[in-house]
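Report on the structure given below.
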Amino acid sequence: MIEPAIILVRPQMGENIGAAARAMLNFGLTRMRVVGPRDGWPNPKAVAMASGAGRVLDGAGLFADVPSAIADCDYVFATTARGRELTKPVMTPERAMDHARALSAEGKRVGILFGPERAGLENEDVVLANAIVTVPVNPEFPSLNLGQCVLLMGYEWARQKAEVAPEVMNFARTEFAQAHEIEALAKHFEERLEAAGFFFPPAKAPGMKVSLRNMWSRLPLTTAEVRTFHGMLRQIAYKLRTQDPD
């Protein structure tokens, strides 16, 4: 699968080029193309900002204009936050990178255009693209830093490649409580609640106890947490027994 080419169109600051290189390498992208950089190329400030991603800059291609930068591309995305009076598909980064992966899997070459920092891509650039990518940002402040925009696209590209769960638990060195420990804790709670008059009226007590048992079974408690609960209950009971009635 050929990764997409990240094409920076007329970037103005070397620092932003370097930040884009870092964002690319964070997500396994290495094919950078630079079109008409304002401060020339190579750029020492870009190298300094890349901080470990210098290989992306070393392999970057320098182009005079957008047509030459996308000449070998089969499909091109243009990133822009501004509305355009152009009849083109408009995609979110998620949808765009899903489509990019499908194209790349077929051996197609994909390019993604990113505009200069001050005003973004011009219509003359966007008309050369097959689709527009727009990030759903605050309409009152839609401008994204160049490195941030590259980071968003790189993240979506990498996220759709890896089977990553949206939420994971860190189970390293975790000793989960066994069923008999949970049962003992449930009984301990019931005893204390019974003494406090919690199960009222008596007719509802069985259902209330079932609900509590169900709650305990859902919680992924560790052995240490079960011991902590027992200690809390014992301390509460002790204080109630020894406190001054006055």
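In the working numbering, the protein residues as written are 3 to 248.
From the three backbone atoms N, C-alpha and C, an ideal C-beta is built for every residue, glycine too.
Alpha helix (DSSP H) segment containing residue i, residue limits
i, result
"A22", "16 to 28"
"V36", "Looking at the DSSP string, V36 is not in any alpha helix (DSSP H); the run it does join, the beta strand (DSSP E), is 34 to 37."
"G209", "207 to 220"
"F191", "181 to 197"
"G63", "Careful: G63 lies outside any alpha helix (DSSP H), inside the beta strand (DSSP E) at 63 to 65."
"A107", "95 to 107"
"A48", "46 to 52"
"A160", "148 to 163"
"V58", "56 to 60"
"V128", "125 to 128"
Assigned exposure category for residue i - 16 Cβ within 10 Å defines buried
i, result
"V139", "exposed"
"G209", "exposed"
"F255", "The requested residue 255 is not part of the displayed model; the chain covers only 3 to 248."
"G61", "exposed"
"L242", "exposed"
"A205", "exposed"
"G258", "In this structure the chain extends from 3 to 248, so residue 258 is not present and cannot be described."
"A226", "exposed"
Residue i vs residue j beta-carbon contact at 8 angstroms
i, j, result
"V92", "T136", "yes"
"L10", "V37", "yes"
"I4", "S106", "yes"
"L88", "N125", "yes"
"A66", "L146", "no"
"T224", "E192", "no"
"A23", "M34", "yes"
"G113", "A7", "yes"
"V128", "A179", "no"
"A188", "L214", "yes"
"H190", "H232", "yes"
"A133", "K90", "yes"
"V68", "L27", "no"
Other residues of its chain near residue i: CB distance less than 7 angstroms, five sequence neighbours each side excluded
i, result
"M99", "M155, E158, W159, Q162"
"R120", "Q14"
"G199", "none"
"A239", "R194"
"F29", "G156, Y157, W159, A160"
Residue i, enclosing beta strand (DSSP E) - first and last residue
i, result
"G113", "112 to 116"
"T1", "Residue 1 lies beyond the range of the chain shown here (3 to 248); nothing can be said about it."
"I72", "Premise fails: I72 is in no beta strand (DSSP E) and is neither H nor E."
"A2", "Only positions 3 to 248 of the chain appear in this structure, which leaves residue 2 out of reach."
"L10", "7 to 11"
"I134", "133 to 135"
Contact test: residue i Cβ vs the ligand GTP heavy atom, cutoff 7 angstroms
i, result
"R35", "Among the ligands in the structure shown, none appear at all, so the ligand GTP cannot be discussed."
Other residues of its chain near residue i: CB distance less than 6 angstroms, five sequence neighbours each side excluded
i, result
"G63", "R35"
"G20", "A48, M51, A52"
"L153", "A25"
"L195", "none"
"I72", "V78, G113"
"V228", "A179, E183, L187"
"A102", "P6, V112"
Beta-carbon contacts of residue i that lie in its chain and below 8 angstroms, excluding the five residues immediately before and after
i, result
"K211", "E192, F201"
"P44", "L59"
"R12", "V37, G38, P39, R40, G117, P118"
"C75", "A7, R111, V112, G113"
"T230", "none"
Below-8 angstroms beta-carbon distance, residue i vs any chain D residue
i, result
"R236", "Here chain D cannot be found, since the structure has a single protein chain."
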